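All remarks here apply to the structure that follows.
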Amino acid sequence: MVKAKNNIVRRVTAAIMSAIMLFSMSLMLASCGKKTKITVWVYSDEYKTELEDFLKTTKLKTSFDANIRVVNSSSFEEEFNNAVEKKQDIPDVFMLSPDNIYEYANSDLTADVVSLGLTVNPDNYYSYTLEAATDSEGAIKALGWQADPGLFMYRRSMAKVYLGTDNPDDIQAMVSTWDGFYDTAKKIYTESGGKTRMLAGQEDLMRPYLAADTLPWVQNNKLVISDTVSSYIDYVGKLSEEHLIYTAEQWSEAWVKGISDSQSVFGYFSSGICMQYAMKKACGGKAKCEGSYGDWAVIPGPSGYCWGGSWLAAYSGSKNKKAAGEFISVFTACTDDEGRMDESVKYFRTSGEFAASKAVVSQIRFDPQFEDTFIGGQNYYHQLSVVADGVTMNNLTIYDNEINTMFKTYMNEYAGGFKSKEQAVADFKTSVNVAFPKINID
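Counting in the numbering used here, the sequence shown runs from 628 upward without gaps.
In structure tokens:
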């Protein structure tokens, strides 16, 4: 009787254990199929489409389900701060630009990428993309997705007539320094009888010339007019007084018109993105001999510089940090996993955008598909990789966006002859003081 009872107990226990195991397995299977939902903010519909298309077509198995929303860069700060204040609709991941990367990297709103489960090998990234995203304590707070180093683009036909050659190596030798750039501008103006000028306006010079500055705009709470800035002001004055550049504001109708004009503007400082989405559209054609299409060439110019780019960061208070980190790793090649690297390479090869990851660039920079007829068959991806190693972004401050805008405004007035050098500089300092009263301008 006891033996029979024990058998019954064993059978019941076994049945219960089996039921528990089956229930646990069903929970595990259910959880395996469930993805973590995260919200991602990007700056444009184009970015949204690119990210969504990649996630739809990638062979990678991801544990997140991303809701990607467009928030224009001009309203990003306001919307982000409102979301944080209200503690609702805060993005898990968000895009940052050169205008705000330093500010957010040095705030407590962005998470250290280490806390997201990411390990960063600095050798795999262009150093300036990490410099811009590293806070004062040395923590990396965002990872570069797209880098956007700049080049100098010139008209081949004009070079051949006024300089005797259109060969990129020869032209680069002529403009490899700012003194050489000035001499070349003077020769073009003279040889063309004043019909052709080196640039459409002084704004084109700002990024590349000031990129070499090692001092920030603000240091120890004081406005810094560095030797590089002073040199730039004098350089703009010399080019303007001798009529070697025009006075068009960047992106203005006159500036854009110079891209298709047959004679007026010799060159533009540009990037891969600017070339693809601005210059090609404004050149007046879609094939060689149509407008200025095919009449361009690209070279490093006098100085390496960064035109733009984008970074991905995660909100420090996100409850989905692991998924946020995984999302960032998918688009920034922050992994040594061969499968993920292959997918990153595929993405950038397809999009044609310049990756912040040197590991990705090294695999595609000589790809024949980047030999662009717009620039006479040159490989623009390789050309960008040549200059990217020399770019730095180690003198950023939270004031840069506003101060650069003010400086550009007064340099336009100086270059246009509306203000003297002394007045332009004085007005610039006054504007900085009005905008930021705590900054000492003496």
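Note that CB positions come from ideal geometry on N, CA and C, so glycine has one too. Model, not experiment: these values are computed from the prediction.
Inset, instruction - Ignore the nearest five residues each way along the sequence and tell me which others in residue 907's own chain have a CB closer than 7 Å to its CB. - result: On the sequence shown, residue 907 is found 280 positions in, with the first residue counted as 1. Answer for residue 907: 1001, listed in chain order.
Inset, instruction - Have a look at the DSSP bridge pairing and note the partners of residue 669. - result: Taking the sequence shown and counting its residues from 1, one reaches residue 669 at position 42. For residue 669, which the question treats as bridged, DSSP gives the partners 697.
Legend entry - Identity of the residue in 742, 794, 1048 and 1067 nearest residue 861 by Cα: Indexing the sequence shown from 1 puts residue 861 at position 234. Of 742, 794, 1048 and 1067, the residue nearest in Cα terms is 1048.
Legend entry - CB contact flag (residue 1134, residue 1056, <9 Å): Any property of residue 1134 remains undetermined from this structure, which presents the chain solely from 628 to 1069.
Legend entry - Presumed contact (8 Å Cβ cut-off) between residue 795 and residue 924, rounded CB distance: Your numbering for residue 795 matches position 168 in the sequence shown. Your numbering for residue 924 matches position 297 in the sequence shown. Indeed they touch by this definition, with Cβ atoms about 5 Å apart.
Legend entry - Spatially closest choice to residue 1021 from 663, 993, 995 and 729, by CA coordinates: Here residue 1021 refers to the residue found at position 394 when the sequence shown is read from its first residue. Ranking the options by Cα distance to residue 1021, first place goes to 729.
Inset, instruction - State buried or exposed for residue 1045, treating a residue as buried only when at least 16 other CB atoms are found within 10 Å of its CB. - result: If you number the sequence shown from 1, residue 1045 lands on position 418. Result: exposed.
Legend entry - C-alpha gap between residue 960 and residue 661, whole angstroms: By 1-based counting over the sequence shown, the position of residue 960 is 333. By 1-based counting over the sequence shown, the position of residue 661 is 34. C-alpha separation (whole angstroms): 24 Å.
Legend entry - Exposure of residue 971, with buried meaning 16 or more beta-carbon neighbours within 10 Å: Along the sequence shown, read from residue 1 onward, the residue named residue 971 stands at position 344. Around the beta-carbon of residue 971, 16 or more other beta-carbon atoms lie within 10 Å, marking it buried.
Inset, instruction - For my contact list, residue 983 and residue 756 are in at a C-beta cut-off of 8 Å; report their separation, rounded to the angstrom. - result: Working through the sequence shown from its first residue, we reach residue 983 at position 356. Working through the sequence shown from its first residue, we reach residue 756 at position 129. At roughly 4 Å, the Cβ-Cβ gap stays under 8 Å, so residue 983 and residue 756 are in contact.
Legend entry - Where residue 651 falls: helix, strand or coil (DSSP): Locating residue 651 in the sequence shown gives position 24, counting from the first residue. Only weak support exists for where residue 651 lies, its pLDDT of 43 falling under 50; the value from the coordinates is given anyway. Helix, per DSSP.
Legend entry - Under 9 Å between C-beta atoms of residue 618 and residue 835: Beyond the ends of the chain as shown, which are 628 and 1069, falls residue 618; an answer cannot be given.
Legend entry - Chain-order list of residues whose beta-carbon lies under 6 Å from that of residue 874 (same chain, five-residue window excluded): Here residue 874 refers to the residue found at position 247 of the sequence shown. Contacts found: 828, 1042 and 1043.
Legend entry - DSSP three-state assignment for residue 901, whether helix, strand or coil: Taking the first residue of the sequence shown as 1, we reach residue 901 at position 274. Helix at residue 901.
Inset, instruction - Whole angstroms is fine: what's the gap from residue 800's alpha carbon to residue 813's? - result: Numbered from its first residue, the sequence shown carries residue 800 at position 173. Numbered from its first residue, the sequence shown carries residue 813 at position 186. So the alpha carbons of these two residues sit roughly 16 Å apart.
Inset, instruction - Please state if the CB of residue 937 and the CB of residue 668 are separated by a distance shorter than 9 Å. - result: Counting from one through the sequence shown, the residue named residue 668 turns up at place 41. Counting from one through the sequence shown, the residue named residue 937 turns up at place 310. No; because the gap between Cβ atoms is not below 9 Å, this pair is not in contact.
Inset, instruction - Look at residue 732 and residue 768 and say whether their C-beta atoms are less than 9 Å apart. - result: As a first step, residue 732 is located in the sequence shown; it is residue number 105 there, counting from the start. As a first step, residue 768 is located in the sequence shown; it is residue number 141 there, counting from the start. Yes, the pair counts as a contact, with Cβ atoms nearer than the cut-off.
Legend entry - Whole-Å CB distance - residue 985 paired with residue 751, under 8 Å assumed: On the sequence shown, residue 985 is found 358 positions in, with the first residue counted as 1. On the sequence shown, residue 751 is found 124 positions in, with the first residue counted as 1. Contact check for residue 985 and residue 751: beta-carbon distance about 6 Å, within the 8 Å limit, so the pair qualifies.
Legend entry - Rounded distance between the beta-carbons of residue 717 and residue 691, thought under 8 Å: As a position in the sequence shown, residue 691 is number 64, starting the count at 1. As a position in the sequence shown, residue 717 is number 90, starting the count at 1. Contact between residue 691 and residue 717 does not hold, since the beta-carbon distance rounds to 16 Å and is not under 8 Å.
Legend entry - Euclidean distance between Cα positions of residue 913 and residue 837: Against the sequence shown, residue 913 aligns to sequence position 286. Against the sequence shown, residue 837 aligns to sequence position 210. Residue 913 and residue 837: Cα-Cα distance of roughly 34 Å.
Inset, instruction - Please report how far the alpha carbon of residue 702 lies from the alpha carbon of residue 900, in whole angstroms. - result: In the sequence shown, residue 702 corresponds to position 75, counting from 1. In the sequence shown, residue 900 corresponds to position 273, counting from 1. Inter-residue distance for residue 702 and residue 900 is about 22 Å (C-alpha atoms, whole angstroms).
Inset, instruction - Would you decide whether residue 846 is buried or exposed? Buried here means 16 or more other CB atoms lie within 10 Å of its CB. - result: Translated into the one-based positions of the sequence shown, residue 846 becomes position 219. By the 10 Å Cβ count, residue 846 comes out exposed.
Inset, instruction - To the nearest angstrom, report how far apart residue 749 and residue 758 are at their CA atoms. - result: By 1-based counting over the sequence shown, the position of residue 749 is 122. By 1-based counting over the sequence shown, the position of residue 758 is 131. Rounded to the nearest angstrom, the gap between the Cα atoms of residue 749 and residue 758 is 10 Å.
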